[in-house]
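To keep things clear, I will list the structure first and then write my remarks on it.
Residue numbers (the working numbering): 1 to 153.
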């Protein structure tokens with residue numbers, strides 16, 4: 001345990017609330033961190049475009065989304081390295097199923113601990129929006145450290 005940490009990020013300050021806990025563990029225990037960004041397909045209207053144009057546009061948008069995700073993770077890696085983390089891996093997965101992508105990365109990269117933030121939604125809000133953290137918590141077979149992010153994060 002605590003050899004390889006996974007921190008999923010979506011680009012928001014709320015998701016980034018998990019980073020300090022990961023840095024603290026990684027610097028104290030000399031473990032590696034993988035930063036994950038799940039990039040979902042953009043939604044575009046197709047009424048004005050033909051099939052070939054739509055496919056080209058979708059490919060361009062997916063490529064741009066991936067480049068932005070990679071640049072964001074690279075920036076985060078530099079911050080972690082500056083904070084004393086010695087090994088930071090980056091992973092971008094293209095999927096509309098965020099929880100499933102996180103679970104797949106756990107298996108693919110031999111992750112032993114997941115650190116992620118949660119919005120802490122409950123009641124109706126959770127029913128309407130769902131909870132990635134809840135889905136991962138119910139299905140993961142590794143220890144999970146949940147950081148309750150606040151709107152001020």
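Just so you know, even glycine gets a beta-carbon here, dropped at the ideal spot from N, CA and C.
Roughly how many angstroms separate the alpha carbons of residue 3 and residue 30, rounded to a whole number? 8 Å
From 145, 23, 136 and 35, residue whose alpha carbon lies closest to that of residue 74: 35
Which stretch, first to last residue, makes up the beta strand (DSSP E) that contains residue 142? Unbroken run through residue 142: none, as it is neither H nor E.
Please look up how many angstroms separate the CB atoms of residue 116 and residue 18, rounded, as I've assumed it's under 8 Å. 5 Å
Quick one: grab the DSSP three-state call for residue 118. strand
From the DSSP secondary-structure annotation, give me the bridge partner or partners of residue 36. 8 and 91
Could you please give the first and the last residue of the uninterrupted alpha helix (DSSP H) stretch that includes residue 99? 98 to 108
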